[in-house]
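Below is one structure; the comments refer to it alone.
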Amino acid sequence: MADTSSRFRVTSDDLARFMRAALAAVGANEASSEAVTRALVKASRMGVDSHGLRLLPHYVKVLEGGRVKGAPDMVFHQRLPATGFLDAADGLGHLAGYTAMEHAVEMAGQAGLGAVAVGNSSHFGAAGCYALAAAERGYIGMAFCNSDPFVQLHDGQDAFHGTNPIAFAAPVAGAAPYLLDMATSSIPWNRVQQFGAIGRELPNQVAARADGQVSTDPREVTSLLPLGGSDFGFKGAGLGGMVEILSSTLSGMQHGFNLLPMNGSDISTPRGVGHFFLAIKPDAFIEEGDFSRGLADYLTDLRRQSAIKGSHGIMAPGDREWRCQTRRDAEGIPLDVANQAAYAHIAHRYEITPLSPLT
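Residue 354 in full-length UniProt numbering sits at position 354 of the sequence shown, with consecutive numbering throughout.
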(Lines of atoms letter the chains of each structure in order from A and count residues from 1; the text may use other names and numbers.)
(Lines give C-alpha, C1' and ligand atoms only; values in the text may rest on other atoms or scores of the structure.)
Protein backbone atom coordinates (compact mmCIF):
# COMPACT_ATOMS: atom_id res chain seq x y z
CA MET A 1 0.00 0.00 0.00
CA ALA A 2 1.29 3.49 -0.86
CA ASP A 3 2.60 5.71 1.91
CA THR A 4 0.04 8.52 2.27
CA SER A 5 2.41 10.92 4.02
CA SER A 6 3.88 13.97 2.31
CA ARG A 7 7.34 12.59 2.95
CA PHE A 8 7.17 9.93 0.22
CA ARG A 9 10.24 10.69 -1.91
CA VAL A 10 12.26 8.60 -4.35
CA THR A 11 15.58 8.95 -6.11
CA SER A 12 15.63 9.92 -9.76
CA ASP A 13 17.40 6.63 -10.53
CA ASP A 14 14.64 4.57 -8.93
CA LEU A 15 11.97 6.63 -10.69
CA ALA A 16 13.75 6.08 -14.00
CA ARG A 17 14.04 2.33 -13.33
CA PHE A 18 10.31 2.09 -12.67
CA MET A 19 9.37 4.12 -15.76
CA ARG A 20 11.52 2.00 -18.09
CA ALA A 21 9.98 -1.18 -16.73
CA ALA A 22 6.41 0.12 -17.01
CA LEU A 23 6.87 1.36 -20.57
CA ALA A 24 8.53 -1.87 -21.66
CA ALA A 25 5.64 -3.82 -20.15
CA VAL A 26 3.19 -2.15 -22.55
CA GLY A 27 5.31 -2.54 -25.67
CA ALA A 28 7.64 0.46 -25.81
CA ASN A 29 11.01 -0.36 -27.33
CA GLU A 30 14.27 0.72 -25.73
CA ALA A 31 14.59 3.98 -27.68
CA SER A 32 11.03 5.05 -26.83
CA SER A 33 11.35 4.04 -23.17
CA GLU A 34 14.63 5.90 -22.79
CA ALA A 35 13.25 9.07 -24.40
CA VAL A 36 10.11 9.14 -22.24
CA THR A 37 12.07 8.39 -19.08
CA ARG A 38 14.67 11.05 -19.87
CA ALA A 39 11.98 13.71 -20.38
CA LEU A 40 9.73 12.80 -17.45
CA VAL A 41 12.52 12.44 -14.90
CA LYS A 42 14.10 15.70 -16.06
CA ALA A 43 10.79 17.54 -15.71
CA SER A 44 10.19 16.20 -12.22
CA ARG A 45 13.74 16.95 -11.11
CA MET A 46 13.05 20.55 -12.14
CA GLY A 47 9.78 20.58 -10.20
CA VAL A 48 7.40 20.32 -13.16
CA ASP A 49 5.60 17.16 -12.03
CA SER A 50 2.53 17.99 -14.15
CA HIS A 51 4.71 17.27 -17.18
CA GLY A 52 6.89 14.72 -15.41
CA LEU A 53 6.06 11.72 -13.27
CA ARG A 54 2.30 12.42 -13.31
CA LEU A 55 2.15 11.56 -17.03
CA LEU A 56 3.43 7.97 -16.85
CA PRO A 57 -0.02 6.40 -16.23
CA HIS A 58 -1.40 8.27 -19.26
CA TYR A 59 1.35 7.02 -21.55
CA VAL A 60 0.87 3.47 -20.27
CA LYS A 61 -2.84 3.74 -21.09
CA VAL A 62 -2.44 5.07 -24.65
CA LEU A 63 0.29 2.56 -25.47
CA GLU A 64 -1.99 -0.24 -24.33
CA GLY A 65 -4.93 1.24 -26.21
CA GLY A 66 -3.00 1.52 -29.46
CA ARG A 67 -3.23 5.29 -29.94
CA VAL A 68 0.56 5.50 -29.68
CA LYS A 69 3.04 2.99 -31.11
CA GLY A 70 5.74 1.77 -28.76
CA ALA A 71 8.07 0.77 -31.61
CA PRO A 72 7.49 3.33 -34.38
CA ASP A 73 9.42 3.49 -37.64
CA MET A 74 10.24 7.20 -37.57
CA VAL A 75 11.69 8.59 -40.81
CA PHE A 76 13.59 11.85 -41.26
CA HIS A 77 13.51 13.66 -44.61
CA GLN A 78 16.12 16.41 -45.03
CA ARG A 79 14.61 18.88 -47.48
CA LEU A 80 17.37 21.53 -47.66
CA PRO A 81 20.77 21.94 -45.94
CA ALA A 82 19.14 23.37 -42.82
CA THR A 83 15.56 22.03 -42.90
CA GLY A 84 13.81 18.73 -42.56
CA PHE A 85 10.63 16.85 -41.69
CA LEU A 86 10.37 13.98 -39.23
CA ASP A 87 7.49 11.57 -39.65
CA ALA A 88 7.01 10.33 -36.09
CA ALA A 89 4.89 7.37 -37.26
CA ASP A 90 2.42 7.79 -34.37
CA GLY A 91 5.15 7.14 -31.82
CA LEU A 92 5.79 8.78 -28.48
CA GLY A 93 6.37 12.51 -28.77
CA HIS A 94 9.43 12.34 -26.51
CA LEU A 95 11.32 10.14 -28.97
CA ALA A 96 10.17 12.39 -31.80
CA GLY A 97 11.32 15.48 -29.89
CA TYR A 98 14.81 14.28 -29.04
CA THR A 99 15.26 12.77 -32.51
CA ALA A 100 14.17 15.96 -34.25
CA MET A 101 16.39 18.16 -32.11
CA GLU A 102 19.34 15.86 -32.77
CA HIS A 103 18.82 16.36 -36.52
CA ALA A 104 18.39 20.11 -36.02
CA VAL A 105 21.68 20.36 -34.10
CA GLU A 106 23.50 18.29 -36.71
CA MET A 107 22.29 20.62 -39.48
CA ALA A 108 23.11 23.70 -37.39
CA GLY A 109 26.64 22.38 -36.96
CA GLN A 110 27.04 22.56 -40.73
CA ALA A 111 24.81 25.46 -41.75
CA GLY A 112 24.57 27.55 -38.57
CA LEU A 113 20.85 26.84 -38.27
CA GLY A 114 18.76 23.70 -38.26
CA ALA A 115 14.96 23.48 -38.27
CA VAL A 116 12.78 20.38 -38.14
CA ALA A 117 9.00 20.09 -38.43
CA VAL A 118 7.46 16.95 -36.94
CA GLY A 119 4.19 15.32 -37.96
CA ASN A 120 2.17 12.27 -36.89
CA SER A 121 3.39 12.63 -33.33
CA SER A 122 1.82 12.61 -29.86
CA HIS A 123 2.08 14.44 -26.53
CA PHE A 124 5.74 15.11 -25.70
CA GLY A 125 5.63 16.36 -22.09
CA ALA A 126 7.67 19.45 -21.22
CA ALA A 127 8.82 21.43 -24.26
CA GLY A 128 11.82 22.71 -22.32
CA CYS A 129 13.42 19.25 -22.34
CA TYR A 130 14.09 19.48 -26.08
CA ALA A 131 15.33 23.06 -26.03
CA LEU A 132 17.69 21.98 -23.23
CA ALA A 133 18.98 19.11 -25.34
CA ALA A 134 20.39 21.72 -27.75
CA ALA A 135 21.67 24.09 -25.04
CA GLU A 136 23.55 21.29 -23.30
CA ARG A 137 25.53 20.84 -26.53
CA GLY A 138 26.33 24.55 -26.85
CA TYR A 139 23.50 25.51 -29.20
CA ILE A 140 20.46 27.75 -28.78
CA GLY A 141 17.36 25.55 -28.87
CA MET A 142 13.68 26.29 -29.38
CA ALA A 143 10.71 23.92 -29.22
CA PHE A 144 7.01 24.38 -29.98
CA CYS A 145 3.97 22.10 -29.92
CA ASN A 146 0.24 22.36 -30.55
CA SER A 147 -2.44 20.59 -28.53
CA ASP A 148 -6.20 20.15 -28.33
CA PRO A 149 -8.26 23.24 -27.45
CA PHE A 150 -8.23 24.59 -23.91
CA VAL A 151 -7.68 28.33 -24.49
CA GLN A 152 -10.07 31.03 -25.70
CA LEU A 153 -9.24 33.51 -28.39
CA HIS A 154 -9.15 37.12 -27.19
CA ASP A 155 -12.79 38.14 -26.71
CA GLY A 156 -13.82 34.62 -27.74
CA GLN A 157 -16.35 32.49 -25.89
CA ASP A 158 -15.06 28.98 -26.55
CA ALA A 159 -11.68 27.24 -26.40
CA PHE A 160 -9.80 27.32 -29.69
CA HIS A 161 -6.02 27.03 -29.20
CA GLY A 162 -4.20 24.57 -27.01
CA THR A 163 -1.89 25.77 -24.28
CA ASN A 164 0.69 25.74 -27.12
CA PRO A 165 4.04 26.05 -25.30
CA ILE A 166 7.14 28.01 -26.25
CA ALA A 167 10.52 26.79 -24.99
CA PHE A 168 13.86 28.56 -25.43
CA ALA A 169 17.20 27.46 -23.98
CA ALA A 170 20.73 28.77 -24.42
CA PRO A 171 24.18 27.88 -23.07
CA VAL A 172 25.67 29.99 -20.27
CA ALA A 173 29.41 29.98 -19.57
CA GLY A 174 30.13 28.24 -16.27
CA ALA A 175 26.47 27.74 -15.33
CA ALA A 176 23.27 25.88 -16.12
CA PRO A 177 21.51 26.95 -19.34
CA TYR A 178 19.06 29.81 -19.61
CA LEU A 179 15.63 28.16 -19.84
CA LEU A 180 12.27 29.67 -20.71
CA ASP A 181 9.41 27.16 -20.91
CA MET A 182 5.96 28.72 -20.92
CA ALA A 183 2.41 28.07 -22.03
CA THR A 184 0.70 30.76 -24.07
CA SER A 185 -2.34 30.53 -21.77
CA SER A 186 -2.54 32.47 -18.51
CA ILE A 187 -2.15 29.25 -16.49
CA PRO A 188 -1.86 25.55 -17.35
CA TRP A 189 -5.03 23.44 -17.30
CA ASN A 190 -3.66 21.22 -14.52
CA ARG A 191 -3.74 24.31 -12.24
CA VAL A 192 -7.53 24.38 -12.59
CA GLN A 193 -7.70 20.69 -11.68
CA GLN A 194 -5.33 21.17 -8.76
CA PHE A 195 -7.24 24.13 -7.29
CA GLY A 196 -10.54 22.31 -7.75
CA ALA A 197 -9.23 19.29 -5.85
CA ILE A 198 -8.29 21.40 -2.83
CA GLY A 199 -11.29 23.75 -2.98
CA ARG A 200 -9.25 26.86 -3.71
CA GLU A 201 -10.31 29.81 -5.86
CA LEU A 202 -8.34 30.60 -9.01
CA PRO A 203 -6.71 34.00 -9.54
CA ASN A 204 -8.75 36.48 -11.52
CA GLN A 205 -8.34 36.80 -15.30
CA VAL A 206 -6.99 33.30 -15.97
CA ALA A 207 -10.02 31.10 -16.73
CA ALA A 208 -13.64 31.21 -17.90
CA ARG A 209 -16.93 29.32 -17.69
CA ALA A 210 -18.96 27.99 -20.63
CA ASP A 211 -20.45 31.38 -21.55
CA GLY A 212 -16.97 32.83 -21.94
CA GLN A 213 -17.11 34.99 -18.84
CA VAL A 214 -14.19 35.08 -16.40
CA SER A 215 -14.56 32.86 -13.34
CA THR A 216 -12.40 32.10 -10.32
CA ASP A 217 -14.38 28.95 -9.41
CA PRO A 218 -12.51 25.91 -10.78
CA ARG A 219 -15.69 23.83 -10.58
CA GLU A 220 -17.36 25.87 -13.33
CA VAL A 221 -14.33 26.63 -15.49
CA THR A 222 -14.40 25.13 -18.99
CA SER A 223 -11.56 27.02 -20.69
CA LEU A 224 -8.47 29.13 -20.04
CA LEU A 225 -7.81 32.73 -20.96
CA PRO A 226 -4.83 33.50 -23.18
CA LEU A 227 -1.80 35.10 -21.56
CA GLY A 228 -2.77 38.69 -20.76
CA GLY A 229 -6.33 37.99 -19.58
CA SER A 230 -9.41 39.87 -20.71
CA ASP A 231 -7.64 43.16 -21.38
CA PHE A 232 -4.42 42.05 -23.05
CA GLY A 233 -5.18 38.48 -24.13
CA PHE A 234 -4.57 39.38 -27.76
CA LYS A 235 -0.87 38.96 -26.93
CA GLY A 236 -1.23 35.41 -25.62
CA ALA A 237 -3.70 34.50 -28.36
CA GLY A 238 -1.25 35.77 -30.97
CA LEU A 239 1.59 33.75 -29.50
CA GLY A 240 -0.66 30.68 -29.35
CA GLY A 241 -1.45 31.16 -33.02
CA MET A 242 2.25 31.48 -33.89
CA VAL A 243 2.95 28.17 -32.14
CA GLU A 244 0.00 26.59 -33.93
CA ILE A 245 1.27 27.67 -37.35
CA LEU A 246 4.80 26.42 -36.69
CA SER A 247 3.62 23.14 -35.18
CA SER A 248 0.68 22.06 -37.31
CA THR A 249 0.55 24.11 -40.51
CA LEU A 250 4.27 23.83 -41.23
CA SER A 251 4.18 20.08 -40.58
CA GLY A 252 1.05 19.48 -42.67
CA MET A 253 -0.98 18.35 -39.65
CA GLN A 254 -4.51 19.40 -38.69
CA HIS A 255 -4.57 22.26 -36.25
CA GLY A 256 -5.25 21.77 -32.57
CA PHE A 257 -8.94 22.72 -32.71
CA ASN A 258 -9.57 19.49 -34.63
CA LEU A 259 -7.36 17.17 -32.57
CA LEU A 260 -8.85 14.35 -30.57
CA PRO A 261 -8.65 15.30 -26.87
CA MET A 262 -5.56 14.03 -25.09
CA ASN A 263 -7.67 12.65 -22.23
CA GLY A 264 -10.67 11.61 -24.29
CA SER A 265 -12.33 8.20 -24.38
CA ASP A 266 -10.80 7.21 -27.74
CA ILE A 267 -7.37 5.78 -26.92
CA SER A 268 -6.95 3.78 -30.12
CA THR A 269 -6.96 6.49 -32.82
CA PRO A 270 -3.68 8.41 -33.37
CA ARG A 271 -4.02 12.15 -32.76
CA GLY A 272 -1.53 13.55 -35.30
CA VAL A 273 0.15 16.14 -33.08
CA GLY A 274 2.72 18.48 -34.67
CA HIS A 275 5.94 19.96 -33.27
CA PHE A 276 8.63 22.36 -34.47
CA PHE A 277 12.27 22.53 -33.37
CA LEU A 278 15.02 25.05 -34.10
CA ALA A 279 18.73 24.88 -33.27
CA ILE A 280 21.14 27.81 -33.71
CA LYS A 281 24.92 27.62 -33.55
CA PRO A 282 26.12 30.81 -31.78
CA ASP A 283 29.60 30.50 -33.25
CA ALA A 284 28.08 30.94 -36.72
CA PHE A 285 27.43 34.58 -35.79
CA ILE A 286 30.20 35.66 -33.40
CA GLU A 287 33.54 34.31 -32.21
CA GLU A 288 33.64 30.99 -30.39
CA GLY A 289 32.60 31.31 -26.74
CA ASP A 290 31.53 34.95 -26.97
CA PHE A 291 27.84 34.12 -26.82
CA SER A 292 27.87 31.96 -23.67
CA ARG A 293 30.17 34.45 -21.91
CA GLY A 294 28.00 37.37 -22.97
CA LEU A 295 24.89 35.60 -21.74
CA ALA A 296 26.59 34.97 -18.39
CA ASP A 297 27.35 38.71 -18.14
CA TYR A 298 23.76 39.59 -19.01
CA LEU A 299 22.42 37.26 -16.32
CA THR A 300 24.82 38.70 -13.74
CA ASP A 301 23.47 42.18 -14.45
CA LEU A 302 19.87 40.90 -14.39
CA ARG A 303 20.20 39.20 -11.00
CA ARG A 304 21.85 42.28 -9.46
CA GLN A 305 18.78 44.41 -10.07
CA SER A 306 16.79 45.57 -7.06
CA ALA A 307 13.65 43.59 -6.26
CA ILE A 308 10.42 45.05 -4.95
CA LYS A 309 9.75 44.71 -1.24
CA GLY A 310 8.19 41.41 -0.25
CA SER A 311 9.16 39.55 -3.43
CA HIS A 312 11.37 36.47 -3.71
CA GLY A 313 14.07 38.44 -5.48
CA ILE A 314 15.07 38.70 -9.11
CA MET A 315 15.33 35.39 -10.94
CA ALA A 316 16.20 34.65 -14.54
CA PRO A 317 14.24 32.07 -16.53
CA GLY A 318 15.46 28.67 -15.35
CA ASP A 319 16.69 29.77 -11.91
CA ARG A 320 13.69 28.30 -10.13
CA GLU A 321 14.04 25.01 -12.00
CA TRP A 322 17.77 24.63 -11.31
CA ARG A 323 17.25 25.35 -7.61
CA CYS A 324 14.52 22.75 -7.45
CA GLN A 325 16.69 20.25 -9.31
CA THR A 326 19.52 20.71 -6.83
CA ARG A 327 17.14 20.24 -3.90
CA ARG A 328 15.39 17.20 -5.35
CA ASP A 329 18.67 15.54 -6.34
CA ALA A 330 19.67 15.81 -2.67
CA GLU A 331 16.33 15.10 -0.98
CA GLY A 332 14.48 12.96 -3.52
CA ILE A 333 11.50 13.54 -5.80
CA PRO A 334 8.17 13.69 -3.93
CA LEU A 335 5.03 11.83 -4.98
CA ASP A 336 1.66 13.01 -3.71
CA VAL A 337 -0.98 10.53 -2.57
CA ALA A 338 -2.64 10.29 -6.01
CA ASN A 339 0.64 9.51 -7.75
CA GLN A 340 1.65 7.02 -5.08
CA ALA A 341 -1.59 5.15 -5.73
CA ALA A 342 -1.17 5.31 -9.51
CA TYR A 343 2.38 3.95 -9.35
CA ALA A 344 1.38 1.23 -6.89
CA HIS A 345 -1.37 0.16 -9.30
CA ILE A 346 1.08 -0.04 -12.21
CA ALA A 347 3.55 -2.00 -10.10
CA HIS A 348 0.87 -4.53 -9.14
CA ARG A 349 -0.65 -4.87 -12.61
CA TYR A 350 2.62 -5.37 -14.48
CA GLU A 351 4.54 -7.12 -11.71
CA ILE A 352 7.15 -4.36 -11.41
CA THR A 353 9.23 -3.84 -8.30
CA PRO A 354 7.53 -0.88 -6.56
CA LEU A 355 9.23 2.45 -5.95
CA SER A 356 11.39 2.45 -2.86
CA PRO A 357 10.79 5.56 -0.72
CA LEU A 358 13.74 7.28 0.87
CA THR A 359 13.86 7.11 4.64
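Ideal Cβ placement from N, Cα and C applies to all residues, glycine included.
Counting only the Cα atoms, Gly-241 lies some 26 Å from Tyr-139.
Taking the C-beta atoms as reference points, Gly-128 is found no nearer than 8 Å to Gly-274. Here the alpha carbon of Lys-69 sits roughly 10 Å from the alpha carbon of Ser-122.
Distance from the Cα of Gly-174 is smallest, within the candidate group Arg-349, Tyr-343, Ser-292 and Phe-150, for Ser-292. Shown here, Thr-269 sits in coil according to DSSP, grouped into three states, outside any helix or strand.
Pro-226 sits buried, since 16 or more C-beta atoms from the chains shown fall within 10 Å of its C-beta. By the Cβ criterion, the region 317 to 332 is in contact with the region 46 to 56, since at least three pairs of Cβ atoms, one from each stretch, lie closer than 8 Å. Within the DSSP secondary-structure output, Gln-78 pairs in a beta bridge with Gly-84. Leu-132 and Gly-125 do not touch by the CB rule: their CB atoms are close to 12 Å apart, not below 8 Å. Non-local C-beta neighbours of Ser-33 in its own chain, meaning closer than 6 Å and more than five positions away in sequence, comprise Arg-20, Leu-23 and Ala-24, ordered along the chain. Taking one beta carbon from each stretch, the region 51 to 60 and the region 337 to 348 have 3 or more pairs nearer than 8 Å; the two touch. Spatial neighbours of Lys-235 in its own chain (CB-CB distance under 7 Å, excluding positions within 5 residues in sequence) are listed in chain order as Leu-227 and Gly-228.
Partner residues in the beta bridge of Ala-143, as assigned by DSSP, are Ala-167 and Phe-277. DSSP, read as helix, strand or coil, puts Arg-9 in strand.
By the C-beta criterion, the region 10 to 19 is judged not to be in contact with the region 294 to 303, since fewer than 3 inter-stretch pairs fall below 8 Å.
Note on Glu-331: under 16 other CB atoms within 10 angstroms of its CB, so exposed under the neighbour-count rule. In the structure shown, Val-221 falls within a coil segment according to DSSP collapsed to helix, strand and coil. For Asp-301, the enclosing alpha helix (DSSP H) stretches over residues 290 to 303.
Here the region 215 to 224 makes no contact with the region 250 to 260; the two share fewer than three CB pairs at distances below 8 Å. Straight across, the Cα-Cα distance linking Val-36 with Gly-91 is about 11 Å. For Gly-233, the closest alpha carbon among the candidates Ala-115, Gln-152, Phe-276 and Leu-56 is that of Gln-152. Counting the other Cβ atoms within 10 Å of the Cβ of Gln-213 gives fewer than 16, which makes it exposed.
Remark: C-beta atoms of Asp-181 and Ala-197 do not approach each other more closely than 8 Å. Phe-150 is a Cβ neighbour of Ser-185, given a cutoff of 8 Å. In the three-state reduction of the DSSP assignment, Leu-355 falls in the coil class, being assigned neither a helical nor a strand state. By the neighbour-count definition (other C-beta atoms within 10 Å, threshold 16), Asn-164 is a buried residue.
Around the Cβ of Glu-244, a 10 Å sphere holds 16 or more other Cβ atoms; the residue is buried. For Val-118, the uninterrupted beta strand (DSSP E) run begins and ends at 113 to 121, by DSSP. In this structure, DSSP gives Met-182 an extended state, which the three-state scheme calls strand.
In its chain, beyond the 5 residues on either side, Arg-67 and Leu-260 have a beta carbon closer than 8 Å to the beta carbon of Asp-266.
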